[in-house]
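Quick notes on the structure that follows.
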Amino acid sequence: MNRPIIWILLLCSEIFVISIVANKSGKLHSNNIGNLTPKFLNKIYTTSIREDAKITDSVMNVTVDNKYLTGKITYTISGENDRSFLMDPKTGEIRVNQLLDYEKKKSFNLKIKASNGTNMMITKITINIININDAKPVFNSTIQTIIQLPDDDFSLIKSPFFYSDFVYNGKCIGRFQAYDPDLNDRNVDQHIVYSLTVPNEGTVVTFNGKTLKNKYELFFIDKKDGCLRMKKPFDGPNEYWDVKKDKDSQFPFWQVFVNANDDDGSPNSLQTSLKVIVKVMERYNNHTIGI
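Written as structure tokens, this is what we have:
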């Protein structure tokens, strides 16, 4: 009995080894399709996600070209993952599994495996973490500060009645510096803007016997370099009074807050404040001002 002649013309861009079997009914089937190796659509994947992404947020889908495949494809993820990300074994979708922190880890290099039970394919994916402004500025000094004038300034004293105009000659009576933890390099511009806040309590001050018009009339701070300066000179050792007295010395003092805002003080900037005490002190014949 003569067997039928079967002609099969295959046109494809890739080479496959396929066994064609003709059964008694004359139907054809392949016993090799399930043995094909899964192939990812890309050799390497790169994506990004914000560090404030929520758990279960989707990162991306990584799938294989399954037009030649039959059966179930299973996806797994591995590498320096630390379970920060999970992958759906059926769909290939990658999701956030733990809270991310750019300051702790800036990127993840992972491996994705696709398997059809017989063969598997591995590809690589890099997930870059996008830094956001989530860290407040940090002052170099994080505790309450009491400003003191350096001793060499007292060489300007020429009489028992010390007039401290030198406080108003452009010198900083205190310099404050802060950095932005969101920036990797503290040697670059931190984009910090400084300002002052004067609380309402205990700020009724007189100057030369006259009440200051507003509580911000006495001090100012350079918004870029953080230098705290006097707006007015001391015309005499007893020219400033405050409704509050230091409980130990009973001399006047002022309380201000130095503020540091990151992101050049933009509407989305974050702020940190530092409490600063400015004291006026006096000692019999040698009137000194300690700040």
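Going from the sequence shown to my numbering is simple: count from 1 and add 162. For each residue, glycine too, the CB sits at the ideal point set by N, CA and C. Quantities reported herein were computed from a predicted structural model and do not represent experimental measurements.
Could you pull out every residue in the same chain whose Cβ sits closer than 8 angstroms to the Cβ of residue i, ignoring the five residues on either side in sequence?
i      : result
Asn295 : Asp344, Asp424, Asp425, Asn430, Ser431, Leu432
Thr209 : Val221, Met222, Ile287, Thr288, Ile289, Asn290
Phe419 : Leu358, Thr359, Val360, Pro361, Ser435, Leu436, Lys437, Val438
Ile383 : Phe338, Tyr356, Ser357, Leu358, Cys389, Leu390, Arg391, Val420
Lys216 : Val258
Glu242 : Phe270, Asn271, Leu272
Met282 : Thr199, Pro200, Lys275, Ala276
Can you give the beta carbon distance from residue i to residue j, rounded, assuming they're within the 8 angstroms contact cut?
i      : j      : result
Ile256 : Val221 : 4 angstroms
Arg391 : Ile335 : 6 angstroms
Tyr264 : Asn293 : 4 angstroms
Quick one: what's residue i bridged to in DSSP?
i      : result
Glu255 : Asn223
Gln260 : Paired residues: none, contrary to the question.
Gln352 : The partner list for Gln352 (beta bridge, DSSP) is empty, contrary to what the question assumes.
Leu345 : Looking at the DSSP assignment, Leu345 forms no beta bridge with any residue, so it has no partner.
Asn281 : In the DSSP output, where bridge partners are listed per residue, Asn281 has none listed.
Gln433 : Asn423
Ser210 : Asn290
Ser240 : Lys273
Leu390 : Gly336, Ile383
Using only the alpha-carbon positions, how far apart do residue i and residue j sit?
i      : j      : result
Lys266 : Asn376 : 45 angstroms
Lys333 : Ile439 : 18 angstroms
Leu272 : Thr253 : 17 angstroms
Leu248 : Leu198 : 26 angstroms
Asp387 : Val350 : 14 angstroms
Ile195 : Asn278 : Note that Ile195 has pLDDT 49, beneath the 50 cutoff, so the model's placement of it is unreliable and the number below is only indicative. Answer to the nearest angstrom: the Cα atoms are 11 angstroms apart.
Ser240 : Asp214 : 22 angstroms
Pro251 : Gln352 : 44 angstroms
Glu379 : Phe338 : 20 angstroms
Thr238 : Arg245 : 12 angstroms
Asp385 : Phe270 : Sequence check: residue 385 is Lys here, not Asp. Cα to Cα, Lys385 sits roughly 38 angstroms from Phe270.
Lys268 : Ala422 : 26 angstroms
Ile235 : Leu261 : 29 angstroms
Ala340 : Pro200 : 54 angstroms
Asn204 : Val224 : 9 angstroms
Asp408 : Gln417 : For Asp408, the predicted structure reports a pLDDT of 49, less than 50, and the residue's modelled location is therefore unreliable. The matter cannot be settled from this model.
Just to confirm, is the Cβ distance from residue i to residue j under 7 angstroms?
i      : j      : result
Ala276 : Val226 : yes
Thr285 : Phe202 : yes
Asp347 : Pro299 : no
With a CB to CB cut of under 6 angstroms and the five nearest residues on each side skipped, what residues in its chain are close to residue i?
i      : result
Ile211 : Val221
Ile206 : Lys286
Gly427 : Val355
Ile177 : In this prediction, Ile177 scores a pLDDT of 44, lower than 50, which makes its location untrustworthy; no coordinate-derived value is stated.
Asn400 : Low confidence applies to Asn400: its pLDDT is 42, below 50, so where it sits in the model is not reliable, and the reading given next is rough at best. None.
In chain order, what residues of the same chain have a beta carbon less than 7 angstroms from the beta carbon of residue i, not counting five sequence neighbours either side?
i      : result
Thr218 : Arg257, Val258
Lys393 : Glu379, Leu380, Phe381, Phe382
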